[in-house]
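Following: one structure in structure tokens, then a few remarks.
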Amino acid sequence: MEILDGRKTAKDIRKSIKIKVDELIAQGKRVPGLAVVIVGFDPASESYVKSKEKACKRAGIYSKLIKLESEISQETLLEEINKLNRDENIDGILIQLPLPAHIDPDAVMNCIDPIKDVDGFNFINIGSLCVGKEYLAPCTPKGIIRLLKHYNIELSGKKVCIIGRSNIVGKPLALLFLQENCTVTVCHSRTKNPEFHTLNSDIIVPAVGISKFLKSDMVSEGAIVIDVGINVDSDGKICGDVDYESVAPKCSFITPVPGGVGPMTIALLLENTFIAYRKLISS
Ligand code: NAD
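Take 0 as the starting number for the sequence shown in numbering that gives the first Met the number 0 and just add one per residue.
Right, dumping it as structure tokens:
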């Protein structure tokens, strides 16, 4: 069993972005910029935002944090986003989820200029991904594919089972695996006997949000398991969706939590910012 080290892979990606950014700055280009908008106070979101700021700094990307009151009206929030759409020092705009209940997340995502939509949630970018013409794809799914490729894992022809059909993980991930010529099954809360699908899969990706959801009797010998879940166990420790102790010995490759998919998500956010930056400085 080999561990897919997301932390180390993410560091390599960050370093390569920093080299490319430094080269462009040395040629006289401006510094790339990422704006992170956070609405209201949520301890988990605050912590994600801090990690994103730190990662930006390490990659030579300027980060601008915009903190807004939870009572903000949708109209005012959209005005703030439009200001960022026009800001020539900003290449990427990220709206930290979840948003307060009175705000329509689709209206917010669709207000972001698709060129600066580094989370890849704008309908134009989702549509492009759907027809195989990806520009900015969502960071977590993109990070998963990148991690597998980093370890030279052949994807073409593999049977993949994703558990979870959210718009931010499960659905875009299914599209990316299809593009890699995998055969994809997506399980969800109404799937009967998910073990029927997981036992028949080469790669299993639980993205459910339930601690220890994937048990060893759901996994075949030699499977590759990518754990997307970020949960807190009864001891207050961060854990994934996989019953790691019992599942890991059966796997050929497995991601740890923490240190697997999480750091890859942030690295791919920086990469998406760099892609948007390159497009904007050359347009
Ligand atoms: P979500 O709540 O939007 O979706 C969960 C999905 O799980 C749903 O599609 C649902 O149908 C499915 N599900 C729920 N119960 C199920 C069951 N009993 N059997 C089968 N499927 C079931 O969650 P999300 O935003 O996709 O996130 C999923 C998990 O991944 C969470 O723990 C979240 O914190 C984590 N996450 C991690 C990263 C990262 O960077 N590592 C990024 C995004 C999300």
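Virtual Cβ for every residue (Gly too), placed ideally from N, Cα, C.
Distance cut-off 7 Å: residue i Cβ against heavy atoms of the ligand NAD
i      : result
Pro193 : yes
Asn199 : no
Cys238 : no
Gly258 : no
Ser165 : yes
Val20  : no
Asn230 : yes
Cys186 : yes
Gly32  : no
Ile223 : no
Ala100 : no
Cβ-Cβ distance between residue i and residue j below 8 Å
i     : j      : result
Gly91 : Ala275 : yes
Ile71 : Val38  : yes
Residue(s) in a DSSP beta bridge with residue i
i      : result
Asn84  : Beta-bridge pairing links Asn84 to no other residue.
Glu1   : Phe252
Asn230 : Cys238
Inter-residue Cα distance where the pair is residue i and residue j
i      : j      : result
Glu1   : Ile223 : 10 Å
Gln178 : Leu128 : 9 Å
Cys186 : Val207 : 10 Å
Val130 : Cys138 : 18 Å
Lys66  : Pro104 : 17 Å
His221 : Cys250 : Looking at the sequence shown, residue 221 is not His but Gly. Cα to Cα, the separation comes out at about 5 Å.
Asp116 : Tyr134 : 10 Å
Ser219 : Gly156 : 17 Å
Ile18  : Asp11  : 11 Å
Pro113 : Leu175 : 19 Å
Exposure label - residue i; buried when at least 16 CB within 10 Å
i      : result
Gln95  : buried
Phe40  : exposed
Asp201 : buried
Lys214 : exposed
Pro262 : buried
Ile293 : With the chain represented from 0 up to 282, any question about residue 293 goes unanswered, as that position is not in the structure.
Ser62  : buried
Arg145 : buried
Asp232 : exposed
Minimum Cβ-Cβ distance from residue i to chain B less than 8 Å
i     : result
Ala43 : No chain B appears in this structure, which consists of one protein chain only.
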